[in-house]
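Line by line, the protein sequences are chains A and B.
The opening residue of the first sequence carries number 1 in full-length UniProt numbering; numbering runs sequentially from there.
The opening residue of the second sequence carries number 1 in full-length UniProt numbering; numbering runs sequentially from there.
Some notes on the structure that comes next.
2 protein chains.
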Amino acid sequence: MNTYFTEYENLEVHELMLRDRPRQEAYYNAIMKNKELFKDKVVMDVGAGTGILSAFCAQAGARLVYAIEASNLATKVALDLIEDNGLTNIVKVIHSQIEDFVLPSSAEKVDIIVSEWMGFYLLHEGMLDSVLFARDNFLKPNGLLFPSECTIYVAPCSVPSLYDYWQNVDGVNMGKFASKLRLQKSTRPEIIQLTPNDLLHEGIVFHWMSLLDVSTQELDEISFKEVVATQIAGKHQGFCIWFEVQFPGEESVVLSTSPLAPETHWKQCVVVLPEESCETLDDKSPVAFQILMKRSANDARKYNLEVELLDPNVEEHPVPCSCHMTKCILTEAHLKMMDTT
Amino acid sequence: MNTYFTEYENLEVHELMLRDRPRQEAYYNAIMKNKELFKDKVVMDVGAGTGILSAFCAQAGARLVYAIEASNLATKVALDLIEDNGLTNIVKVIHSQIEDFVLPSSAEKVDIIVSEWMGFYLLHEGMLDSVLFARDNFLKPNGLLFPSECTIYVAPCSVPSLYDYWQNVDGVNMGKFASKLRLQKSTRPEIIQLTPNDLLHEGIVFHWMSLLDVSTQELDEISFKEVVATQIAGKHQGFCIWFEVQFPGEESVVLSTSPLAPETHWKQCVVVLPEESCETLDDKSPVAFQILMKRSANDARKYNLEVELLDPNVEEHPVPCSCHMTKCILTEAHLKMMDTT
């Protein structure tokens, strides 16, 4: 716990996040394009960091903002930021873990909770638990969460930076170097940016949740099993995982970390297949797999991620399934026929 | 010494270098476009790493290549690479520090030394000393060095990522955060990529050397004092330092790490000025400074870098000087007049 907050005192981590333009723009637009939701409201910013999101809320018209920050950024940075932007009457910077915070007995609960809590592949090294604690203890009934919904996607993919690039580096075959490199990296998923061309499928939803009603227990383990048909031919060398979060409001904003969206500091999370499992696939090839995202026993903020390739001949396919296996083609044709009659 | 070689066993460091396209292309072109220099020659690759440059030399027609690598990459990676590319008859991989290597008594000295030895701001964490040791002990008279010449440049610059960006982050003034960030970073130069627009001057040569005759002692301390006139107006917030290396041959190749060249893993080295020294300058403003690049007492591979701003009213300007000070305008006019008469 202490290490986590010490790390957040490293200003360079905040530099990275604050210079991540898609992240900044999503929060800015979500708040500023929905000012009517913030006007005269009481807001809580969970893990306020430098205080920038609290400043957005105040500028959007909030009456009172609690900027709760556990690290000493609260006193080292956020206080100054709030003062320098003339917002001390609105934003109260509180140096505390959210779990230790108590609202003054006379104070009302908050209308909106704002937080940028997302980690790699959404949950790893994130702080959603703290946001849910704040929701359960400090949010009014029918209060809003910014963001309010999250979706995690997965797609079979190529990983040229760990495979194909090394087959011919300026005329030299470095295949064995690449094998050793993959072995060295195989103990953890790769955080890298893929290009849209690397995806063999646009991505299917592997988990969706509404932050209004998800429980901490539901975050302990997320599993998913699916057969997906590739949409283009290509080398299947891994699984790419990314997330989107959605904000409430008429002008609904989505922050996407997809390979199709502008690069963010989260990039994507790629689980690379071992060499012997890689295959060159036609389009409409069925890929069967199972994902397990599980809270680490040693550190509740960390998540272990496991992907297992399954046999598409054995696993049950969805109905309809657009893969090229005879059974699925027949089922799809049958369903289509029923649709038109 | 040992730490240095252990670090090089980390394959991800090599991944970074091998995926640095300007670096790869410079060495590839320098060797492949000058095959006549390599044909039937004996080559030594100092700090061969994965062995890729040795492979280039063999493919360019060398008769014998000594691939000297001190880390266990020699046995873990380079041996395989040479074998997989069918070059075992030409390339001899030798797991040794160059300083411990002895040529067989019957063997001739080498015609060419190839090495990618450059560190940040050319010398920091580089291995030029080892290349010079190889030159002095193993290179034939009139032998060639790839690369053969190096130039270090400096230019006054703006550093928007540490200054201007923070004045207005989506409507929020984060000036004090930026001050703390700069303070945290002030103990070491920044390795960042600037854009051409950030330069207030195209860059002046602050050091040039030919690898054929430079001595190790000459590398202990490099100092430079100059008055340079800005070529465009802008905020002077730091000094940008970069290098170029040049290769021999009719098709002479230059590897540049300038902000005007495609980004490399070396990026540029920026010494950021303290806030009180920053100034908004007109074009033709004189900037007087002194640079000292000095080998660290504790670790000969490391270099300390110091830049001191001097008073352009006190320092002697070059002749001619294109700055807007009266004396320099008059001198320049006088010289021009003499030229035309």
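For every residue, glycine included, the Cβ atom is placed at its ideal position computed from N, Cα and C.
As the structure is a computational prediction, the values presented were derived from the model and not from experiment.
Check your understanding: What did DSSP end up calling Met118 (chain A) once you bin it into helix, strand or coil?
Key -> Of the three classes helix, strand and coil, the one that applies to Met118 (chain A) here is coil, per DSSP.
Practice item. Return the first residue and the last residue of the beta strand (DSSP E) that Arg295 (chain A) is part of. Key: Arg295 (chain A) -> beta strand (DSSP E) spans 286-295.
Check your understanding: For the putative contact between Cys240 (chain A) and Ile191 (chain A), defined by C-beta atoms under 8 angstroms, what is the C-beta separation to the nearest angstrom?
Key -> A Cβ-Cβ separation of about 11 angstroms leaves Cys240 (chain A) out of contact with Ile191 (chain A) under the 8 angstroms criterion.
Exercise for review: Find out if the Cβ-Cβ distance for the pair Asp100 (chain B), Val159 (chain B) is shorter than 8 angstroms.
Suggested key: No.
Review point. Does Glu332 (chain B) have its Cβ less than 8 angstroms from a Cβ in chain A?
Key: Nearest CB-CB separation between Glu332 (chain B) and chain A: not below the 8 angstroms threshold.
Point to revise | For Val110 (chain B) and Lys92 (chain B), believed in contact at Cβ under 8 angstroms, the rounded distance | key: Their Cβ separation, rounded to whole angstroms, is 12 angstroms, which puts Lys92 (chain B) and Val110 (chain B) out of contact at 8 angstroms.
Check your understanding: Ordered along the chain, which non-local residues of its own chain (more than five positions away) have a Cβ less than 6 angstroms from that of Asp20 (chain B)?
Key -> Non-local C-beta neighbours of Asp20 (chain B) in its own chain, meaning closer than 6 angstroms and more than five positions away in sequence, comprise Thr264, His265, ordered along the chain.
**Study point:** Close beta carbons around residue 366 (chain A), own chain, < 6 angstroms, minus the five adjacent residues each side
**Key:** An answer regarding residue 366 (chain A) cannot be provided, because it is not within the stretch 1 to 341 covered by chain A.
Point to revise | Three-state secondary structure (DSSP) of Thr280 (chain B) | key: Looking at Thr280 (chain B) - three-state DSSP - the assignment turns out to be strand.
Check your understanding: Ends of the beta strand (DSSP E) at Leu139 (chain A)?
Key -> Annotation for Leu139 (chain A): the continuous beta strand (DSSP E) segment containing it runs 139-146.
Practice item. Check Asp45 (chain B) in the structure and name its three-state DSSP category. Key: Here Asp45 (chain B) sits in strand by DSSP.
Exercise for review: Report the residue from B:Val77, B:Asp170, B:Val245 whose alpha carbon sits nearest the alpha carbon of Glu12 (chain B).
Suggested key: Scanning B:Val77, B:Asp170, B:Val245 for the CA closest to the CA of Glu12 (chain B) turns up B:Val77.
**Study point:** Under 9 angstroms (Cβ pairs) to chain B, residues found in the segment 249-275 of chain A
**Key:** Those would be none; no residue qualifies.
Check your understanding: Can you give the Cα-Cα distance for Thr50 (chain A) and Leu183 (chain B), rounded to whole angstroms?
Key -> The straight-line gap separating the alpha-carbon atoms of Thr50 (chain A) and Leu183 (chain B) is approximately 16 angstroms.
Check your understanding: What are the complete beta strand (DSSP E) segments, minimum 3 residues, inside the segment 54-134 of chain B?
Key -> Complete beta strand (DSSP E) runs here, min 3: 64-69, 91-95, 110-114.
Exercise for review: Go ahead and pull the three-state DSSP assignment for His14 (chain A).
Suggested key: In the three-state reduction of the DSSP assignment, His14 (chain A) falls in the helix class.
**Study point:** Cβ neighbours of Leu292 (chain A) in the same chain (closer than 6 angstroms, five flanking residues each side left out)
**Key:** For Leu292 (chain A), where only same-chain residues beyond five positions count, the Cβ hits under 6 angstroms are Ser223, Glu306.
Check your understanding: At a Cβ threshold of 8 angstroms, is Thr195 (chain B) touching chain E?
Key -> Of the protein chains in the structure, A and B, none is chain E.
Review point. Span of the beta strand (DSSP E) holding Asn34 (chain A)?
Key: Segment: none, Asn34 (chain A) is in no beta strand (DSSP E) and carries neither H nor E.
Review point. Quick one: is Met337 (chain A) near chain B, going by C-beta distance under 8 angstroms?
Key: Taking CB atoms only, Met337 (chain A) has no neighbour in chain B less than 8 angstroms away.
Review point. Under a three-way DSSP split, which group does Met1 (chain B) fall into?
Key: At Met1 (chain B) the pLDDT is 43, less than 50, meaning the model places this residue with poor confidence and gives no usable figure here.
Review point. Any idea if Ile232 (chain B) is buried or exposed, counting beta-carbon neighbours within 10 angstroms, 16 or more meaning buried?
Key: Exposed: under 16 other Cβ atoms inside 10 Å.
Practice item. Look at the Cβ atom of Val245 (chain A), then the Cβ atom of Met118 (chain A), and state whether they are nearer than 8 angstroms. Key: Yes. Within cutoff.
Exercise for review: Please determine, among A:Tyr165, A:Arg188, A:Leu200, A:Lys176, the residue with the shortest C-alpha to C-alpha distance to Ala155 (chain A).
Suggested key: It is A:Leu200 whose Cα lies nearest to the Cα of Ala155 (chain A).
Review point. Chain A partners of Ile52 (chain B), CB-CB under 8 angstroms?
Key: By Cβ distance, chain A contributes Val169, Asp170, Val172, Met174.
Review point. Which term fits Ala300 (chain A), buried or exposed, when burial requires 16 or more other beta carbons within 10 angstroms of its beta carbon?
Key: The residue in question, Ala300 (chain A), is exposed, as its Cβ has fewer than 16 Cβ neighbours within 10 Å.
Practice item. Check Asn313 (chain A) in the structure and name its three-state DSSP category. Key: Three-state DSSP puts Asn313 (chain A) in coil, outside helix and strand.
Review point. Between which two residues does the beta strand (DSSP E) containing Lys235 (chain B) stretch?
Key: 234-236 is the extent of the beta strand (DSSP E) around Lys235 (chain B).
Check your understanding: Beta-carbon of Met1 (chain B) versus every beta-carbon of chain A: anything under 8 angstroms?
Key -> Its pLDDT being 43, under 50, Met1 (chain B) is placed unreliably by the model, and nothing is read from it.
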